[in-house]
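Worksheet for the structure shown next.
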Amino acid sequence: MTFNIALIKGDGIGPEIMNETVRVLYAVGEKFGHSFEIKEVLAGGAAIEAAGCNLPEITMEVCKNSDAVLLGAVGGSKWDHLQGSKRPEMALLTLRKELGLFANIRPAVMFEALKDTCPLKSEIVEGGLDMVIVRELTGGIYFGKRETSQTYACDCMEYWEYEIARIAEKAFQIAMKRNKKLTSIDKANVLDTSRLWRKTVDKISKKYPEVQVSHMYVDNAAMQLVINPKQFDVILTENMFGDILSDEASMITGSIGMLPSASLGDKQFGMYEPIHGSAPDIAGKNIANPIASILSAAMMFRHTFSMEEEARAIEKAVESILNQGYRTLDITNGKDYIGTMEITDKIIEML
Ligand SMILES: NC(=O)c1ccc[n+]([C@@H]2O[C@H](COP(=O)([O-])OP(=O)(O)OC[C@H]3O[C@@H](n4cnc5c(N)ncnc54)[C@H](O)[C@@H]3O)[C@@H](O)[C@H]2O)c1
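Going from the sequence shown to this note's numbering is simple: count from 1 and add 11.
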């Protein structure tokens, strides 16, 4: 089969990790007999430099006409002087909103081989960690009304019931395919949006009686993630809470360089990207970990192309090379590591 993919490499380490991800994609294509029509387009800082805006029209058009979007990361200090909608990162918010990608799926899995890089005590993570964070992506405070003056600023958190209901449906569907356990995280003791969130989740839960549902306040959830992370299976939460908790979850699984994500709507189309940013501090040094973006490509095979075998092949290749002891700098003690390109070579050999 031939798949149309829009490729946005982005800024900082984005181009490095995406070049490696494309190499893995072609290796999977060769192994399973697929071909890819890859169209590279710009967004973020690279687009500001080349086209004078963070999201050129052609980028949106190509993304809309693709089966999936693969994205590196955008942003960097070079564009820190830009305000509001002109910032590189705002391109991603527009892309997600315009493409109707309201569900961000972030698996946080600790590979057995990496348990020593987990900053928690070994008894806390004994037996491994495997959870999925389902984060609402196109509502909440990042998209609410805003106002700024010299001495005042305001960002509003807003949610409609339908926005909560559709992300809750996604989370329950995922829970049904896993251990049928869902924790919905909110701040219902303080926020009206959270009270609507809780009520709506309870309403949707009636359609999924097999799923065990609990509610937790976000401050407690931040604590529980470090004292007892194994209690979580599927976490459902709103946009900003999910943003913060998924970074926390990523660190307890080893490194932010390991975690992929999928942004989905109500069709097969999806946008796939690592959860980390553009890491300008390590850009251009061939030391960035490409595994988060390579695993994001695996999620693309699973969620958009419905090709579980191809997805598993990538995930198994990653697991195997970690078991063999290959590491990038971020997942070592600073010694005995290989580069971005070299670790990808190992993954491709394993495939
Ligand atoms: N989706 C996105 O495009 C996205 C997400 C978050 C941040 N950003 C942007 O990225 C820029 C840098 O942000 P930040 O420093 O807060 O977050 P970051 O995720 O880029 O980096 C945080 C730390 O993790 C390290 N790191 C990140 N990815 C890594 C990888 N693949 N391998 C090894 N180490 C890795 C970095 O070196 C840094 O020390 C900012 O402009 C920010 O706005 C973009």
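Glycine included, C-beta positions come from ideal geometry on N, C-alpha and C.
For residue i, verify whether its CB is less than 8 Å away from any heavy atom of ligand 1.
i, result
"N300", "yes"
"E295", "The sequence given here places Gly at residue 295; Glu does not occur at that position. For ligand 1, not one heavy atom lies less than 8 Å from the Cβ of G295."
"E353", "no"
"A84", "yes"
"D341", "yes"
"L103", "yes"
"A309", "no"
"A303", "yes"
"G345", "no"
"S289", "yes"
"I175", "no"
"I24", "yes"
"G87", "yes"
"E169", "no"
"I144", "no"
"S274", "no"
"I286", "yes"
"P99", "yes"
"G350", "no"
"S96", "no"
Spatial neighbours of residue i within its chain, please: C-beta separation below 6 Å, excluding the five flanking residues on both sides.
i, result
"I305", "T32 and V35"
"I298", "L340"
"N300", "G268, T339 and D341"
"G138", "none"
"Y219", "F183"
"I135", "none"
Less than 9 Å between the C-beta atoms of residue i and residue j, yes or no?
i, j, result
"L365", "I116", "What the structure shows of the chain is the stretch from 12 to 362, and residue 365 is not part of that stretch, so it cannot be assessed."
"A61", "A102", "no"
"N65", "R98", "yes"
"F312", "V145", "no"
"I263", "C129", "yes"
"A84", "V52", "no"
"M227", "Y153", "no"
"M142", "A119", "yes"
"I28", "T343", "no"
"G87", "A294", "yes"
"C165", "T159", "yes"
Can you name, in chain order, every residue of its own chain whose Cβ lies under 7 Å from the Cβ of residue i, other than the five neighbours on each side?
i, result
"M12", "H45"
"Y337", "I349, I354 and K357"
"A308", "T32, V35, L36, L81, Y283 and I325"
"I359", "R34, V35 and A38"
"R206", "A199"
"E320", "none"
"D127", "none"
So residue i and residue j are supposed to be a Cβ contact under 8 Å. How far apart are they, rounded?
i, j, result
"A1", "I185", "Given a span of 12 to 362 for the chain in the structure shown, any question on residue 1 remains unanswerable."
"L247", "L193", "6 Å"
"K50", "V73", "5 Å"
"S289", "G23", "3 Å"
"V229", "A179", "V229 to A179, Cβ: 16 Å. No contact."
"M121", "G265", "6 Å"
"E147", "G253", "7 Å"
"K191", "V222", "5 Å"
"V245", "R157", "Actually they do not touch by this definition, with Cβ atoms about 31 Å apart."
"L202", "T149", "L202 to T149, Cβ: 18 Å. No contact."
"A303", "H287", "6 Å"
"F43", "F14", "At roughly 11 Å, the Cβ-Cβ gap does not stay under 8 Å, so F43 and F14 are not in contact."
Just to confirm my understanding: we take residue i, look at its own chain, exclude 5 residues before and 5 after, and list those with CB closer than 8 Å. What are they?
i, result
"W208", "Y170, I175, S195, D197, A199 and E249"
"Q335", "K357"
"M187", "Y219, E221 and V222"
Taking the alpha carbon of residue i as the point to measure from, which residue in the options has its own alpha carbon closest?
i, options, result
"G278", "A114, N239, Y228 and P220", "Note that residue 278 is Lys in the sequence shown, not Gly. Ranking A114, N239, Y228 and P220 by Cα distance to K278 puts A114 first."
"G56", "A322, H226 and I19", "I19"
"S225", "I238, F243, K89 and M234", "F243"
"L93", "R177, L110 and G63", "G63"
"R323", "K210, V143 and M310", "M310"
"L104", "G87, A54, I302 and M352", "A54"
"E68", "G86, L106, D78 and F43", "L106"
"S272", "F47, E330, Q235 and P285", "P285"
"F280", "N30, P26 and L110", "L110"
"E330", "S261, H287, M361 and F47", "M361"
"E172", "K181, T204 and T162", "T204"
"A79", "I215, K346, S317 and N334", "S317"
"I215", "R206, K126, K181 and G21", "K181"
"D91", "D347, K327 and P291", "P291"
"P26", "D166, K296 and K210", "K296"
Ligand 3 and residue i: does any heavy atom of the ligand fall closer than 8 Å to the residue's C-beta?
i, result
"D292", "Absence of ligand 3 is noted for the structure shown, with ligand 1 being the only ligands found."
Could you tell me whether the Cβ of residue i comes closer than 9 Å to any Cβ of chain C?
i, result
"T149", "In the displayed structure, chain C is absent; only one protein chain is listed."
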